[in-house]
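Peer 1:
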Amino acid sequence: MSKKVRHVLGLSGGKDSAALAIYLKQQNKNLNLEYFFCDTGVELPEVYTFLDKLEIYLEKPIKRLGSKKDFFHHLKMHNGMLPSPKQRWCTREMKLKPFEEFVGSDRCISYIGIRADEFRDGYLSLKDNITPKYPFIEDGLIRKDIFNILKSTVGIPEYYKWRSRSGCFFCFFQRKEEWIGLSKHHPEKFAQAIEIEKREGGEGYTWIQGMTLEQLLEHKEKILSNSKIRKQQSTKDARSWQDILIEDGQDDENQACTICSL
Ligand code: SF4
1480 MSKKVRHVLG LSGGKDSAAL AIYLKQQNKN LNLEYFFCDT GVELPEVYTF
1530 LDKLEIYLEK PIKRLGSKKD FFHHLKMHNG MLPSPKQRWC TREMKLKPFE
1580 EFVGSDRCIS YIGIRADEFR DGYLSLKDNI TPKYPFIEDG LIRKDIFNIL
1630 KSTVGIPEYY KWRSRSGCFF CFFQRKEEWI GLSKHHPEKF AQAIEIEKRE
1680 GGEGYTWIQG MTLEQLLEHK EKILSNSKIR KQQSTKDARS WQDILIEDGQ
1730 DDENQACTIC SL
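Residue numbers (the working numbering): 1480 to 1741.
#1: Could you give the DSSP three-state label for Glu1538: helix, strand or coil?
#2: Say the cut is 7 Å; is the CB of Thr1685 nearer than that to a heavy atom of the ligand SF4?
#3: Three or more C-beta pairs under 8 Å: does that hold for the region 1556-1574 against the region 1494-1514?
#4: Of all the options Leu1490, Ile1702, Lys1710 and Arg1485, which has the alpha carbon lying nearest to the alpha carbon of Ile1593?
#5: Short of 8 Å in beta carbon distance, which residues of its chain neighbour Glu1513, apart from the five on each side in sequence? Order them along the chain.
#6: Are there three or more Cβ pairs, one per stretch, closer than 8 Å when the region 1660-1675 is compared with the region 1567-1576?
#7: With C-beta atoms as the reference, is Leu1554 less than 8 Å away from Pro1577?
#8: How about Lys1515 and Phe1581: are their beta carbons less than 8 Å apart?
#9: Output needed for Ile1616: all residues of its chain with C-beta closer than 8 Å, excluding positions within five of it in sequence on either side, in chain order.
#10: Between Pro1636 and the ligand SF4, is the CB less than 7 Å from at least one heavy atom?
#11: What residue from Gln1671, Asn1509 and Arg1642 has the CA that sits closest to Gly1492's CA?
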């Protein structure tokens, strides 16, 4: 007897996957969705808070998946080579593998929150039992719609005040000003990232190419002032940070894996 097709939706702690889960629930299509989150154990604290909130709204548990070994084990296995855009072992080991194990050989449809106004590929599993589905593209939902869905339900994740994507606190995809944001909002996490860089980076590996986090702090004023110039318009008006984010914000997540930050 053939098994039923599973419907799965991966939540990253980011806005698009959360909005997709809410959107599909509101559509009441009775998909019996299985929600999951691939937890690296080193995510931003706000991600965990947001997922708890979302879980209450969805009225269904978000299954926490994870690698059997922690980040530091994998770091050791990669000879202390910090993950980077070119060496993204973290995504492979701690996000993609747990997802593929979760699905196993079951036939499943994986719902992905890529929007109609962006051009990027979701994680396309090479496993032929997993079929991706893009409801926002099919229904023509764009960035503004996603924020409206969140604003009217669980709210926008708090980290968007200072960072443009979810994921690990030390994610190498964050901009320099976001690293400075980490030092302000989570000084203990920033200190931990420095420690990892010093202890494990060893062979010249740094989180930011060509610069240590301590050097970043030395250039803090200049980085912040450059960032302020870029955001000049938003500093002049009296809109809330949520409205500024919706109206002026840009998504530069394209380079990051959708399973981490969508
Ligand atoms: S969020 Fe960043 S550091 Fe974490 S697994 Fe994804 S790419 Fe790697």
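Glycine included, every Cβ here is placed at the ideal spot set by N, Cα and C.
Owing to the predicted nature of the structure, the values given are computational and were not obtained by experimental measurement.
Peer 2: The short version:
#1: coil
#2: no
#3: no
#4: Leu1490
#5: Arg1485, His1486, Val1487, Leu1488 and Lys1542
#6: Contact between the region 1660-1675 and the region 1567-1576 is absent, because fewer than three Cβ pairs lie under 8 Å.
#7: Going by C-beta atoms, Leu1554 is not nearer than 8 Å to Pro1577.
#8: For clarity, residue 1515 is Phe in the given sequence; the question names Lys instead. Yes, the pair counts as a contact, with Cβ atoms nearer than the cut-off.
#9: Ile1593, Arg1594 and Ala1595
#10: It does not: the Cβ of Pro1636 is nowhere closer than 7 Å to a heavy atom of the ligand SF4.
#11: Arg1642
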